[in-house]
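Written out below as structure tokens is the structure these notes cover.
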Amino acid sequence: MADIQKIVREIRKEIALSREASLIFNDKELDSELLEQIESLCFSKDHIRKLSVTQIKAIVDTVFNQMRRHDIIEPLINDPAVTEIMINGPDRIFIERKGVVEETKLSFDSKERLDDLIQNIVARVNRTVNEAEPIVDARLSDGSRVNIVLPPIALNGPLITIRKFPEKPMTMD
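Be aware that the sequence shown starts at 33, since it is given in our numbering, and climbs by one per residue.
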């Protein structure tokens with residue numbers, strides 16, 4: 033798996049060097065263009081073409097999710113059974129499913145990757161979060177509520193809570 037992560041970093045670096053950062057993060061219409069660029073880079077490299085289709089797809093999805101989505105928590109956000117996601121630093125991620133809180137096996141490679149996710153979330157809603165303003169509340173595009181707390185308020189590293197809402201609102205029936 034370390035080789036896959038090395039390839040992911042390699043592809044991200046090449047894309048970052050070839051594109052303006054504002055294009056990478058700010059324009060939803062560029063999603064398909066970015067996906068094409070990631071796939072093209074993967075298939076242009078001999079050491080990647082030798083991998084299985086499943087591994088190449090995992091690389092493409094990982095790079096895309098890191099750059100345009102919510103990194104490793106994207107599958108949790110898309111899972112309708114998950115109602116809350118709690119990130120307590122880069123290596124402790126919890127979810128609530130059917131009223132039960134459980135720790136996941138997911139973790140960010142580094143604190144920097146978690147910081148990237150935080151800045152990606154707040155940039156999409158034109159907010160900032162930093163040491164001077166360490167708390168921010170926002171909403172994701174799907175309506176989920178997000179609360180982010182940074183040090184010095186959060187003593188053990190960045191905290192993110194994402195509260196999702198059911199697709200079908202509860203009724204009195």
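For each residue, glycine too, the CB sits at the ideal point set by N, CA and C.
How long is the line joining the alpha carbons of residue i and residue j, rounded to whole angstroms?
| i | j | result |
| --- | --- | --- |
| Ala164 | Leu83 | 45 Å |
| Val92 | His102 | 14 Å |
| Phe126 | Thr136 | 6 Å |
| Thr94 | Leu49 | 18 Å |
| Arg129 | Gly189 | 24 Å |
| Val157 | Phe96 | 20 Å |
| Ala113 | Gly175 | 16 Å |
Would you list the one or two residues that DSSP bridges to residue i?
| i | result |
| --- | --- |
| Asn120 | Leu191 |
| Arg177 | Arg171 and Arg195 |
By DSSP, does residue i sit in helix, in strand, or in coil?
| i | result |
| --- | --- |
| Thr203 | coil |
| Asp169 | strand |
| Val161 | coil |
| Val40 | helix |
| Arg72 | Note that residue 72 is Ser in the sequence shown, not Arg. Helix. |
| Leu182 | coil |
| Lys82 | coil |
| Lys77 | coil |
| Ser54 | The pLDDT assigned to Ser54 is 48, lower than 50, so where the model puts this residue is not dependable; a value taken from the coordinates is nonetheless given after this. The answer is helix: DSSP assigns Ser54 an H, G or I state. |
Am I right that residue i and residue j are in contact with their C-beta atoms under 8 Å? What's the rounded C-beta distance?
| i | j | result |
| --- | --- | --- |
| Ile36 | Gln87 | 7 Å |
| Val161 | Ile150 | 6 Å |
| Pro166 | Leu182 | 4 Å |
Using 7 Å as the cut-off, classify the Cβ of residue i as near or not near the heavy atoms of the ligand SAH, replying yes or no.
| i | result |
| --- | --- |
| Glu128 | Here there are no bound small molecules, and the ligand SAH is not part of this structure. |
Contained beta strand (DSSP E) runs [length at least 3] in the stretch 90–157, N- to C-terminal order: 114–120, 125–129 and 132–135
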